[in-house]
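Counting with mature numbering (1 follows the signal peptide of the UniProt record, and there is no 0), you get residues -24 to -1, 1 to 274 for the letters of the sequence shown. Cβ coordinates follow ideal geometry from the N, Cα and C atoms, glycine included. Computed from a predicted structure; not experimentally measured.
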Amino acid sequence: MFLKSRMIKLMFVLWWVAPLASWADTQENIIVHGIRESAIYHNVEKEILINKIGHVPKWNKRVCVEIFGLNDEFKQILLKKLKTVGQNISLTVDSECRVSNIFVLFTNTSDDVAKKIEDANPELFAGLDAEPEFRDTLDAPTNDDRKEFLKSRAVRWLMSSTFRSHDDMPSITFPGAGGMRIVQEDDASFLHDTARRDFTLSLIVVDIDRIKDEPWGMLSDFIALVAYTGPKLASNYDDTTLLGANNGSVLQGPTGYMTPYDTSLLKVLYGVDGAIDAKEAVGIMADKVVTALRQQSK
């Protein structure tokens, strides 16, 4: 993990060309997007990455953030937002660590940066973990995944995750017809396995020339949402979620802050048992999001 972190930092230092951003930290009222219950289940399933090794990924306990392309004043504004949102979901968020795992790059050459990342890392960091005992075999990125990452857009991101046992011991694998398989570990009750999937990397690229009239506080909300949920990078989100503002090549502000759906999903994601099968977990999460939104609307 240390070597991977150093590699990413080196890439960013060599590739980014960005003037220091100067968005004002304007505070508007939260825009409450329309919420359609019929779309919530579909949105949760689409947004939360589900791999063949079926656990919903999320950060475990602690993250370390590194920001490129901003001066210290605006770095601190973004870091404050990431810490506030992280603390609300029981994460410890630092910025001075030996190994970083959330990288945010502000640039005006994001297409070039994305292509160089793909050239250097054809697997787009999927499943990469530099520590041999945790090296994983995840699905390779699909053509659609690659297309979405290379598409001209205001914000793009990559997430990496790896399989962990409940006590952080190496997973047991064996070869199968479709590649390496992971042996599920049962807990004492034999009701469900006790493994989980942890995010190990979030790499977020923000193109400052494609951000239009977006207050800094709102953009920080968007970045925090991406960093902690690790949503699927796609171009067809609706306005139930703040992610819908990033469907096109330009993010036109003011977008508003995280929607009630976004904040509810974050809360239930970090409250759900990571050992539960991904499909079951998504169903539980969708039910809880619907319940939370109903309560808020009363």
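With contact defined as three or more Cβ pairs closer than 8 Å, the region 30 to 47 and the region 72 to 85 are in contact. The beta carbons of V39 and V69 sit closer together than 7 Å. Minimum Cα-Cα distance from P117 among the listed residues I260, S137, P236, G229 corresponds to S137.
Here the region 216 to 227 makes no contact with the region 250 to 269; the two share fewer than three CB pairs at distances below 8 Å.
In the structure shown, the three-state DSSP call for L241 is helix. Separation of K264 and V244 (C-alpha to C-alpha, rounded to the nearest whole angstrom) is 7 Å. The three-state reading of DSSP puts M261 in helix, counting H, G and I together.
Each of D249, A262, A96 was checked against the Cα of R173, and the nearest Cα belongs to D249. With 16 or more neighbouring CB atoms inside 10 Å of its own CB, N19 falls in the buried class. Distances from the alpha-carbon of G206 to those of A251, I184, L242, K127 put L242 closest.
By the Cβ neighbour-count rule, G247 is exposed, with fewer than 16 other Cβ atoms within 10 Å of its own. Under the rule that a run must span 4 or more residues, the alpha helix (DSSP H) segments found entirely inside the region 173 to 249 read 192 to 205, 236 to 245. For the 7 Å CB-CB criterion, P236 and M194 do not form a contact. Distances from the alpha-carbon of A254 to those of V32, Y233, L177, K22 put V32 closest. In terms of CA proximity to V89, R132 leads the group V266, N36, D215, R132. When DSSP reads this structure, W133 sits in a beta bridge with I180.
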